[in-house]
Every structure is written in C-alpha cells, then in structure tokens.
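Following the numbering used here, the numbering of the sequence shown begins with 432 at its first residue and continues without gaps.
C-beta: ideal position from N, C-alpha, C; glycine also.
Beneath this line is the structure, given in structure tokens, with notes to follow.
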Amino acid sequence: MADTVTMPKLGFDMQEGTLVRWVKVEGDSVNKGEILAEIETDKATVEVESSFSGVVARQLVNQGDVVPVGTAIAIIAAPGEKVEEAEKTQPENKPPEEAPAAEETGDLNPPTLGGGEQAAAETPGQAVEAPAAEQTEKERAEAAEKPVDEIPAATSEEDHGGDGRIKASPLARKIASENGLDLRKVKGSGPGGRIQRSDVETALRAPKPAPAQAQAPAPAPQAAPAQQAAPPAPAAPRAAPIPPAPVWAGAADVPQDEVIKVSRLRSAIGRRMVESKTQVPHFYVTYTYKFENLMDLRKQLNEYLPDDQKLTVNDFVIKAVALNLRQFPNLNASLRGDEVVRHGHINIGSAVSLEGGLMTVVVKDADQKPLRLISAEMRELVARARQGKVRPEDIDGSTFSISNMGMYDVDHFIAIINPPEAGILAIGSAQQVPVVEDGQVKIGMRMKATISVDHRVSDGAEGARFMQSLAAFLDEPMRLVL
C-alpha cells in the first residue's frame, strides 16, 4: 500500500514551507529515516526524513514550490507496487503580490510628498519642473539626469550669461550661501564661465575692499558759544574683527547607502517578537548569582576532557534550569486559549546566533540527561544550525528557553518570550566584582540573570522564587554532576 508524505509542521506557527531540493527523485529507493527532501521554513532550512521505506513513486510538488502544511508532497510505494496514474494535485500557490516600487528596491522610507513636491523638499533652493504628462520615459530620464545648476538671478552688469542666469555648480552655490557670498561678484573659471567650488573658495580668501569713507560735510557757521562746551568723551576702543568661519567643502569618500533585502529568517524573527511583545504581558525578575564554585568545578572537569568535549557555562545553566523547573510547573507551561498546559517533558531551548539572525535549538528532557550528554547534544545542534542542516526535531518542542550573552561580556539584558512558552532566562557574563561578606570587601565572581515570564500564566512572586531556587544549583554545581 502506498504511503503519502506531507509537508510537516515544524512549529506551532508554521503555515507553509518551500521545497528547496529533492534529495530522492522518482524511482529512487528510500529507507525510513533517510533524507527525502530539504524544505525552508521561516526559521531554517530543514532536512525532511522519510517516515516510510519503499520507492519514491510520485513527487507531487516541484522544487521551489511554496506548500501549505499538511499538503501531500510525495508518494512512497512498496518495491514492485504499481501506483495508479493520478493527477498530481497540489494547492494553488499564488505568487506573492507585486510590492510597490519602493518595496522592490528595499527603500524603507515611505514617500512623504508626491511627485515634484518631494524632490523640491529634498533640494531646497533648486527649481524642479514636474515633467508633462505626455513626456516619454526617455525624456523623463534625461530630465532627471540633467544637473540642476542654473537658476534665475537678478540681472546686473556682472551677470555671467546674457540670459540673466548665473552658471554655478550646486556645491559652489551651497558654499557661497553658507558664507553670504554674492555669486554675481565671482568670476567663473569653468566651461562657459561656470562658477565652480574653487572659484568660490578663492573669492572667500580674497581680502575684502575697505568701505569708502563718506566725505564729511562742511561745518555750518555757529554762533559764539555762551560758555565753553565740555570736551567730548573719548571714543570706545574698536573691537577686533571676527575672523570668517572656516569653509567646509563636504565629507570626502562617504560610502553610499546599502539596501539589503530582509531575509525570511529575519522577517520571521521580527514578526514573532512583535507578536510576543504586543500580545504577551511580560514581567521581569533579575537576580545576581555566586559563580565561583561553578567556574572552579568547570575548570577541574575540563582538565580531564579533550578539547572537543569541554563543558561550557551554558551546559551547566541548561542542566540547572531544567532541574529547577521540576519545582515550578507553571513556568514549564503554555497558555492555550483559556487553559494552561503544564508540560510533562522539560525541553530547554537555547538561542544560537547565526549570520542572518538566530535560531533556538532544543535539548529534549534536559532534566533527565547527564551534563556531558547535554554538552554533546548542544555541540551537534549548534553545528547543524550553523551549517544549515537542522532537522525538524532540532528546533521544535521547547517548553522553556535560555538566551546566553555571557561570552560578549554583557552585564545583563532582557529577553523576549518565545511563544507559546511561558518564560525565558537571559544570562549575562560571569565577572569579577568587589563583594562584601562578613563585613569584609573581597573580589568575587558574580553573574546576573533576568527571567521574563508571561503574566497570564504566573506572577512576580513565583518568578522571584524560581530565581532564588536556581541559586542553589549554581552555587552548589556538584548537584548538576551527580
């Protein structure tokens, strides 16, 4: 009997996936657990394993097709079994609607004014003519490329052209305007007498002629004074002239703006985080942990382990959080409608930084596994995530998440909950700081962490008790090894 392979649902919010590549083609034999195809979701490119053994009898979708979750993508038949010819049906995949021109070019700045008004707003002081409606595309392109460097000027005997216009480059006009220089007094050295930047700078450096002194009028005859007039007060000292402001000709070699298309992964991260922050009421609790004992134990254990098997701080944190969640079932839970689902399994998601964003990989039943097994699984999960070879089970099913930025020397930060989980723990770096113990100041190792909790599922007091209880595992890390 033939079996049907469908587009898997790899996350609670996954609606569709893109079939990137068929690993097996029609006629190929396939065993249960073998890679059948690669699909791309909003989170990652995932290898899909066959749930059946047999022969690939039909491929119902093509490479590059966007396929809704649950849609049949292939038929696996038993060897020698003849599958009746059937119409290769698949849901109609409508191409995405064409985005406006601004979106196609990646321009994230929406237009604020229409047509020539926007251009005029962006280039004050320059006259821009809106092209006539009957202009051709070529004429509009030529009009856009033509430099706007000629504007009407008041006619005078020193105009540089017979048509009453001053020919000057935009940069020359800008410098002249900033320094109050009349371009009609500047002689241009460019083609056709065009004023260039160097002409303006030369004019600014030239000494200004002293203003002509007005001829004093002849004194009018005065009658003999009745009494001697008081001598005039001495003239106040003349202030030193203010030097002209320096001329800035503009920055050189400024890189141009770069437009980058938003990837599916980045788009998915943004969409999920907006949904979380707008729909999930977060509250936060920050706690400072003693970390000397954990760092000492890790150092001792790593002395006996090869380089490719050494334990990380994150491994200890995953184990500690998993054990602590046994006492706080409300934080290992999800809100489903008007019900809170307390999960029996404790699956810890750990955020992994990728070149184009981040991905959460999952250690299943972390409370049941020894520390070294958690460490080995994390190395494999991180490697597959960064190679783009994650499997569906690698990124699905987390019940609580951890985001660790300790390797970046971050004091502390706040993480956004990954729905439908009820909480996420943000881990800062372990740092040497002065601490007071028994009235004495000494240097200690401390690490700050902040938990974000869904207020619909739990309250601040429970979040505080969780953080306080976690201290017992981090301050006595031998409990994580035994």
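C-beta atoms of residue i and residue j nearer than 7 Å
i    : j    : result
G780 : V793 : yes
E465 : T476 : no
R625 : K598 : yes
T449 : G501 : no
G442 : D825 : no
T830 : N778 : yes
D630 : G623 : no
A857 : T881 : yes
A503 : T435 : yes
A753 : A807 : no
I855 : I848 : yes
Q490 : E457 : yes
P823 : P439 : yes
A699 : D890 : no
D885 : V748 : no
V418 : A634 : One cannot answer for residue 418 here, as it falls past the ends of the chain, which runs 432 to 913.
V451 : E471 : yes
Same chain, Cβ closer than 8 Å to residue i, five either side skipped, listed in chain order
i    : result
K879 : T717, Y718, T719, Y720, D842, H843 and G859
Q899 : Y718
D840 : S860 and Q862
G819 : A475 and T476
D580 : The predicted position of D580 is uncertain, since its pLDDT is 44 and thus under 50; no value can be drawn from it.
G611 : none
S694 : G787 and G788
M416 : Because the chain is modelled from 432 through 913, residue 416 falls outside the range shown and cannot be assessed.
Exposure of residue i, with buried meaning 16 or more beta-carbon neighbours within 10 Å
i    : result
F714 : exposed
Q799 : exposed
Q446 : exposed
S707 : buried
M790 : buried
G673 : For the sequence presented, residue 673 should be read as Ile rather than Gly. I673 should be labelled exposed.
E478 : buried
M809 : buried
T709 : exposed
E480 : buried
P677 : exposed
I691 : exposed
A682 : exposed
A607 : buried
A680 : exposed
R910 : exposed
Endpoints, the beta strand (DSSP E) within which residue i is located
i    : result
S484 : Counting along the chain, S484 falls outside any beta strand (DSSP E), and DSSP gives it neither H nor E.
S765 : A764 to R767
M790 : G788 to V794
G875 : Q871 to D885
N724 : No beta strand (DSSP E) contains N724, which is instead part of the alpha helix (DSSP H) from E723 to N733.
I779 : I779 to L785
S860 : G854 to E868
F831 : F831 to N835
R773 : E770 to R773
L441 : Per DSSP, L441 belongs to no beta strand (DSSP E) and is neither H nor E.
A807 : Taken as a continuous stretch (DSSP letters only), A807 belongs to no beta strand (DSSP E), being part of the alpha helix (DSSP H) at L802 to Q818.
L450 : E447 to W453
Neighbourhood of residue i by C-beta, 7 Å cutoff - its chain only, sequence neighbours within 5 removed
i    : result
V912 : L802
R874 : The sequence shown places Ile at residue 874, not Arg. Within the same chain, I874 has close Cβ partners Q863 and P865.
D738 : none
A621 : In the sequence as displayed, the identity of residue 621 is Gly instead of Ala. These residues qualify, in order along the chain: Q627.
R887 : P712 and L766
A895 : V716
Residue range of the unbroken alpha helix (DSSP H) whose run includes residue i
i    : result
V744 : V744 to L756
A475 : Where A475 is concerned, there is no enclosing alpha helix (DSSP H), given that its DSSP letter is neither H nor E.
T502 : Taken as a continuous stretch (DSSP letters only), T502 belongs to no alpha helix (DSSP H), as it is neither H nor E.
I606 : P601 to E609
I700 : R695 to Q710
V631 : R628 to R636
A892 : G891 to D906
Cut-off 6 Å between Cβ atoms - residues of its own chain near residue i, not counting five sequence neighbours on either side
i    : result
A533 : For A533, the predicted model reports a pLDDT of 37, less than 50, meaning its position is unreliable and no value from the coordinates is stated.
V864 : R877
H774 : N763 and T830
L905 : Y720, L725 and A751
A670 : none
V821 : A475, V477 and R815
L696 : G787 and G788
Short CB-CB distance (under 7 Å) between residue i and chain B
i    : result
I874 : Absent from the structure: chain B. Only one protein chain is present.
Stretch-stretch touch, CB-based, cutoff 8 Å, three pairs: the region 882 to 902 with the region 753 to 763: yes
Does the structure place the region 724 to 739 close enough to the region 775 to 791 that three or more beta carbon pairs sit under 8 Å? no
Answer yes if the region 736 to 743 comes into contact with the region 868 to 882, meaning at least three C-beta pairs across the two stretches below 8 Å, and no otherwise. no
Counting Cβ pairs, one atom from each stretch, are 3 or more of them under 8 Å apart for the region 484 to 492 and the region 452 to 463? yes
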